[in-house]
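Undergrad: Handing you this structure, nothing more for now.
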Amino acid sequence: MTVNSNDYLARILDDTSDNRRDDIWLWYQLTNNHAQSLGEFNNPGMRAIMRNITHRDPDLAKFINNNKSEQLLPAKHFDWIDEGKRQIEWLISKIEERIDTNFLMQLSTLSGKDWLIASIDLWNAELIQKELLLNHLMHSWTAHKKGDKPFQWFKNNEQKEDEQKCSLAGKWLNNNIDGLFILAMPATTNSSLETYEDLLIFFDRCTKDQKTLYIDKIKKAWSQQKYRQSLTGKAQYNFILSDKAIQRLDKFADDHELSRARILDILLKMEAEKNLYIPEMLKRLKDGF
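Mapped onto the numbering used here, the consecutive letters of the sequence shown carry residue numbers -15 to 273.
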């Protein structure tokens, strides 16, 4: 009789679904603790291979089922990990600081949340230790996000301008930061660093002083870019005005809270439209006044 691999493994693992988390854990148990040669985890037909091994050995199947309850926390302990790539990459970096994850080298094809959960599931520790570590990480993540205020500058305007800020930030970082630091970013991060999330992942790996320095430099580069854009259609001219003319210009600027250049622009525009004062002044000069 043919045994459906999904149904059979689900019964052994006491799970009614085709669960990737369970598959990763079972593959590791069979490969490392029961000397089974299974090949790469992601190989086609892997579930069928694991089904056949456990189906041939009822004692092994029973051992696997009992061992699962001793090593795997209920799924609810991971429910809070639902905020995307930045959160996962930050948690992975903290897990690597807390425990030796060399045991995952055999699962080199894992990444992201699969890697994160597997690092807890396969860690040789009591369930209470795993739960305490996850609780610590959850509170640490919440505290970490409270330091996100400096990044609001990248997300406080219209979408188009925010995207332009992020694009400029990515280019500035790639042009001014050690390339090795950029290359050391997680593989899931775009090396161009031109999205808001990728920027946050980058800054998560910086010191507080580095964050302050880089963001200040990026803001200055943004201001310079906006200033250059504002000069489109304009040219600079140098000319000499009498002291009296400068005094009048400054008074107009102060009275109307405008720049000298804006005052001159208004006066020239109005004269071009009305053509009142220059002809009158020329007439006076001609008449000897």
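Even glycine gets a Cβ: it sits at the ideal position worked out from N, Cα and C. Given the structure is predicted, the values throughout are model-derived calculations rather than measurements.
Any idea what DSSP makes of LYS130, helix, strand or coil?
TA: Reduced to three states, the DSSP call for LYS130 is coil.
Undergrad: In the DSSP assignment, find the alpha helix (DSSP H) that holds PHE135 and state where it starts and stops.
TA: From DSSP, PHE135 is part of no alpha helix (DSSP H); its letter is neither H nor E.
Undergrad: Are there three or more Cβ pairs, one per stretch, closer than 8 Å when the stretch 176 to 184 is compared with the stretch 59 to 75?
TA: The stretch 176 to 184, when compared against the stretch 59 to 75, does touch it at the 8 Å Cβ threshold.
Undergrad: If the criterion is Cβ atoms closer than 7 Å, does the pair PRO134 and ILE199 meet it?
TA: Yes, these two residues count as a Cβ contact at 7 Å.
Undergrad: Let me confirm a value: LEU252 is counted as buried when at least 16 other C-beta atoms fall within 10 Å, else exposed. Which label applies?
TA: Label assigned to LEU252: exposed.
Undergrad: Under three-state DSSP, which class holds SER21?
TA: Coil.
Undergrad: If you draw a straight line from the C-alpha of LEU266 to the C-alpha of ASN158, how long is it?
TA: LEU266 and ASN158: Cα-Cα distance of roughly 59 Å.
Undergrad: Can you tell me whether PHE87 is helix, strand or coil according to DSSP?
TA: Correct three-state label for PHE87: helix.
Undergrad: Can you round the beta-carbon distance between SER103 and LEU116 to whole angstroms, since I take them to be within the 8 Å contact cut?
TA: The pair is not a contact, with the Cβ atoms about 15 Å apart (cut-off 8 Å).
Undergrad: Closer than 8 Å by C-beta to ILE247: which residues in its own chain qualify, once you throw out the five before and the five after it? Chain order, please.
TA: Taken in chain order, the residues that qualify are LEU233, PHE236, ALA237 and HIS240.
Undergrad: Check this for me: beta carbons of LEU91 and PHE25, under 7 Å apart or not?
TA: Taking 7 Å as the Cβ cut-off, LEU91 and PHE25 qualify as a contacting pair.
Undergrad: Locate the alpha helix (DSSP H) running through ASP63, then write down its first and last residues.
TA: Here ASP63 belongs to no alpha helix (DSSP H), and DSSP marks it neither H nor E.
Undergrad: Nearest to TRP137 by CA position, among GLY29, GLY131, ASP146 and LYS130, is which residue?
TA: Residue ASP146 is the option with its Cα nearest to TRP137.
Undergrad: Taking the C-alpha atoms as reference points, what is the distance between ARG4 and TRP64?
TA: Looking at the two C-alpha atoms, the distance is approximately 18 Å.
Undergrad: Can you give the beta carbon distance from PHE56 to ASP105, rounded, assuming they're within the 8 Å contact cut?
TA: Here the sequence assigns Leu to residue 56, which means Phe is not the residue at that position. Contact holds; Cβ gap of about 5 Å.
Undergrad: Check the C-beta distance from ALA153 over to ILE202 and give it rounded, since I have them as a contact under 8 Å.
TA: Correct: roughly 5 Å between the Cβ atoms.
Undergrad: Please go through the same chain and pick out, in chain order, the residues whose beta-carbon is closer than 7 Å to the beta-carbon of ILE48, but skip the five residues on each side of it.
TA: Hits under 7 Å: ILE(-4), LEU10, GLN13 and THR38.
Undergrad: Can you tell which of LYS155, ASP98, PRO28 and ARG189 has the C-alpha that lies nearest to the C-alpha of SER77?
TA: For SER77, the nearest C-alpha among the options comes from ARG189.
Undergrad: Smallest Cα separation from MET107: which of ASN86, HIS120 and SER124?
TA: Checking the displayed sequence, the identity of residue 107 turns out to be Trp instead of Met. Residue ASN86 is the option with its Cα nearest to TRP107.
Undergrad: Report back the beta-carbon spacing between ILE33 and LEU44 to the nearest angstrom; my notes put them in contact at under 8 Å.
TA: About 14 Å separates the two Cβ atoms, so there is no contact after all.
Undergrad: Could you please give the first and the last residue of the uninterrupted alpha helix (DSSP H) stretch that includes SER42?
TA: The amino acid at residue 42 is misidentified as Ser; the sequence shows Pro. 42 to 55 is the extent of the alpha helix (DSSP H) around PRO42.
Undergrad: Sorted by chain position, which residues of the same chain lie with C-beta nearer than 6 Å to TRP74's C-beta, five sequence neighbours on each side aside?
TA: Counting only Cβ-Cβ distances below 6 Å, and skipping sequence neighbours, we find ASP188.
Undergrad: Among ASP41, ASN16 and ILE112, whose alpha-carbon lies nearest the alpha-carbon of SER53?
TA: Nearest C-alpha to SER53: ILE112.
Undergrad: Given this structure, state the Cα-to-Cα distance separating ASN259 from LYS228, to the nearest angstrom.
TA: Distance between the alpha carbons of ASN259 and LYS228: 23 Å.
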